[in-house]
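For reference, the structure is listed below as structure tokens.
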Amino acid sequence: MERVSKMTKNDIYEREFKASMRGYNQDEVDQFLDEIIKDYEAFENHIQKLEKQIEDLKENRPVREGNKPMPKPHQAGNTNYDILRRLSNLEKHVFGSRLNE
Numbered sequence: 001m002e003r004v005s006k007m008t009k010n011d012i013y014e015r016e017f018k019a020s021m022r023g024y025n026q027d028e029v030d031q032f033l034d035e036i037i038k039d040y041e042a043f044e045n046h047i048q049k050l051e052k053q054i055e056d057l058k059e060n061r062p063v064r065e066g067n068k069p070m071p072k073p074h075q076a077g078n079t080n081y082d083i084l085r086r087l088s089n090l091e092k093h094v095f096g097s098r099l100n101e
């Protein structure tokens, strides 16, 4: 997949700013950049996880949280047939011979 971001966490970490006479407090800037790096790293990990899920789905390997395989869906035809058969048996049991009258 094509990366949208042009920066990496190392780009942020290694960025240097020029000091000026009435500039920002360098320690505060460093602390803020450290927080940004942590967030950036978390987003990178999340993106990688989502990209893997996309690839898995493209390969028809359904996955859910925890990488456990998803159960296969029931076939609708068999389920409907089973329901109709059970309903028929229930009607015979409840109404008995009155169904034929």
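Using the UniProt record's numbering, the letters of the sequence shown correspond one by one to residues 1 to 101. Beta carbons: idealized from backbone N, C-alpha and C, even for Gly.
Where residue i sits in the DSSP three-state scheme
{"i": "ASN60", "result": "coil"}
{"i": "ALA19", "result": "coil"}
{"i": "TYR40", "result": "helix"}
{"i": "TYR13", "result": "helix"}
{"i": "THR79", "result": "helix"}
{"i": "LYS6", "result": "coil"}
{"i": "ASN89", "result": "helix"}
Inset, instruction - Could you tell me whether the region 30 to 37 touches the region 46 to 60, using the rule of 3 or more Cβ pairs below 8 Å? - result: no
Inset, instruction - Spell out a yes or no on whether the region 8 to 15 and the region 35 to 50 are touching, meaning 3 or more CB-CB pairs, one atom from each, closer than 8 Å. - result: yes
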